[in-house]
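Here is the structure we will look at, set down as structure tokens.
In the working numbering, the protein residues as written are 46 to 415.
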């Protein structure tokens, strides 16, 4: 079930204010399959009798796999996440919380991209609900780019509609939440299980940005006592909590808070140095420009060029660089105004002059940049 209107339209009828989603009137104008009567709501979407979370809920308790791309702003990714979480509450109320998967945790921003991250959970749903050969539980994987917090939109507890047991006892508080194996973009969470008189059905994973402040928002679910969170930003601090839930929708108090700081990312940098002979004569020559180019994918804030002079050649001057000489080895480093280069950018004002024995036509060699 693609959680969008079908042709670049907004995936929700009543969206989170200020998210930047495409307007309902614009989406309606692109949708030939929306009836004419729908047009009367484009100026007042709050009058609509149904919203996307209710559309999701209508499918319960049957198996449902929802794919979403959080990189497309006009599709309202935060609103889509809230709609999926809202619809999932109906699944929980019917005791079928493991029959729904919502997956927006993908790394590609291309519109309508067929993401590799969807392949495994989609195959699991096919095996479970179409072939009858699997039993993998559903999960909610929400991208950190579009955090969706259902708690901001409701002040009620999910009722139990399945067995009519009237269970109102919440599970015990999960404890011992800890993080390990943290990389620049992921971390692994583990905790001690909760108990419940009717049985714990799963755990909600909550995350907040920074070491303090910020709002905890649900980023995923787990039916075990572990969870791997991916798609994080390098060198960034996050805080985590978990809470347990039972079949009746009762939620435990949140666990202790675990704080992690992701490792710095590995910058992809590199540079090249290309020398051009501006002029030469019998006893010397001028190299101008010595062009330094950033060949990496991230900016560099300094560079160092090394090369070797032929025997008998002597450096007599240089400009736009700090130069040191050791025997025939020469090192030129950037100065303040030309050290920072964006990816693909070059600096060409660097140069030097060399004297040489009369008649010697050799030139420097072994240019390297770091």
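Glycine included, each C-beta is placed from N, C-alpha and C at the ideal position.
Whole-angstrom distance between residue j and residue i, CA atom to CA atom
i, j, result
"residue 204", "residue 196", "15 Å"
"residue 224", "residue 288", "16 Å"
"residue 298", "residue 131", "20 Å"
"residue 92", "residue 146", "29 Å"
"residue 399", "residue 374", "13 Å"
"residue 162", "residue 356", "59 Å"
"residue 302", "residue 263", "14 Å"
"residue 70", "residue 88", "7 Å"
"residue 353", "residue 362", "15 Å"
"residue 266", "residue 110", "15 Å"
"residue 159", "residue 330", "58 Å"
"residue 367", "residue 378", "5 Å"
"residue 406", "residue 315", "31 Å"
"residue 54", "residue 113", "Because the pLDDT at residue 54 is just 36, under 50, the model does not fix this residue reliably, and the value given afterwards should be weighed accordingly. Their Cα atoms are separated by approximately 13 Å."
"residue 216", "residue 242", "8 Å"
"residue 410", "residue 228", "41 Å"
"residue 403", "residue 386", "38 Å"
"residue 125", "residue 268", "23 Å"
"residue 320", "residue 344", "22 Å"
"residue 31", "residue 129", "Missing from the structure shown is residue 31; the chain here goes from 46 to 415 and no further."
"residue 285", "residue 185", "16 Å"
"residue 133", "residue 85", "29 Å"
"residue 213", "residue 165", "35 Å"
"residue 167", "residue 181", "11 Å"
"residue 364", "residue 261", "55 Å"
"residue 326", "residue 412", "22 Å"
"residue 370", "residue 322", "20 Å"
"residue 151", "residue 254", "19 Å"
"residue 117", "residue 372", "58 Å"
"residue 100", "residue 226", "39 Å"
"residue 296", "residue 94", "29 Å"
"residue 408", "residue 332", "10 Å"
CB contact flag (residue i, residue j, <7 Å)
i, j, result
"residue 169", "residue 178", "no"
"residue 272", "residue 250", "yes"
"residue 198", "residue 135", "no"
"residue 346", "residue 414", "no"
"residue 334", "residue 396", "yes"
"residue 104", "residue 149", "no"
"residue 238", "residue 218", "no"
"residue 106", "residue 82", "no"
"residue 252", "residue 193", "no"
"residue 388", "residue 359", "no"
"residue 300", "residue 236", "yes"
"residue 108", "residue 174", "yes"
Supposed contact pair residue j and residue i - C-beta distance, whole angstroms, cut 8 Å
i, j, result
"residue 294", "residue 138", "6 Å"
"residue 349", "residue 376", "6 Å"
"residue 277", "residue 189", "6 Å"
"residue 22", "residue 183", "In the structure displayed, the chain extends from 46 to 415; residue 22 sits before or after that span and is not available."
"residue 191", "residue 115", "4 Å"
"residue 231", "residue 280", "In fact, because the Cβ distance is near 14 Å, the residues do not count as touching under 8 Å."
"residue 304", "residue 256", "6 Å"
"residue 401", "residue 351", "Contact flag wrong, Cβ pair sits at about 19 Å."
Heavy atom of the ligand GDP within 6 Å of residue i beta-carbon
i, result
"residue 213", "The ligand GDP is not part of this structure, which contains no ligands at all."
Short CB-CB distance (under 7 Å) between residue i and chain C
i, result
"residue 368", "Considering every chain present, this structure includes no chain C. It has just one protein chain."
Exercise. At a cut of 8 Å, does the region 294–308 reach the region 375–391 through at least three beta carbon pairs?
Worked result: Here the region 294–308 does not lie against the region 375–391, with fewer than 3 beta-carbon pairs under 8 Å apart.
For this session: Go through the region 255–337 residue by residue and report every complete run of the beta strand (DSSP E) that reaches 3 residues or more, in order.
Result: Those beta strand (DSSP E) runs which fall completely within the region 255–337 and span 3+ residues are 262–267, 271–274, 282–291, 303–306, 316–326.
Problem set entry | the region 227–246 touching the region 278–292, judged by at least three CB pairs closer than 8 Å | Touching, yes, given that three or more Cβ pairs across the two stretches are closer than 8 Å.
Problem set entry | Cβ pair count under 8 Å reaching 3, the region 388–396 against the region 327–343 | A contact between stretches requires three or more CB pairs, one per stretch, nearer than 8 Å, and the region 388–396 meets this requirement with the region 327–343.
Problem set entry | alpha helix (DSSP H) runs contained entirely in the region 150–187, provided each spans 4 or more residues | Those alpha helix (DSSP H) runs which fall completely within the region 150–187 and span 4+ residues are 164–170.
Problem set entry | 3-residue-minimum beta strand (DSSP E) runs that sit fully inside the region 333–396, ordered along the chain | Runs found: 349–353, 359–364, 367–371, 374–378.
Exercise. Taking the runs of the beta strand (DSSP E) that are 3 residues or longer, which of them lie wholly in the region 87–122?
Worked result: Counting only runs of 3 or more, we get 109–112.
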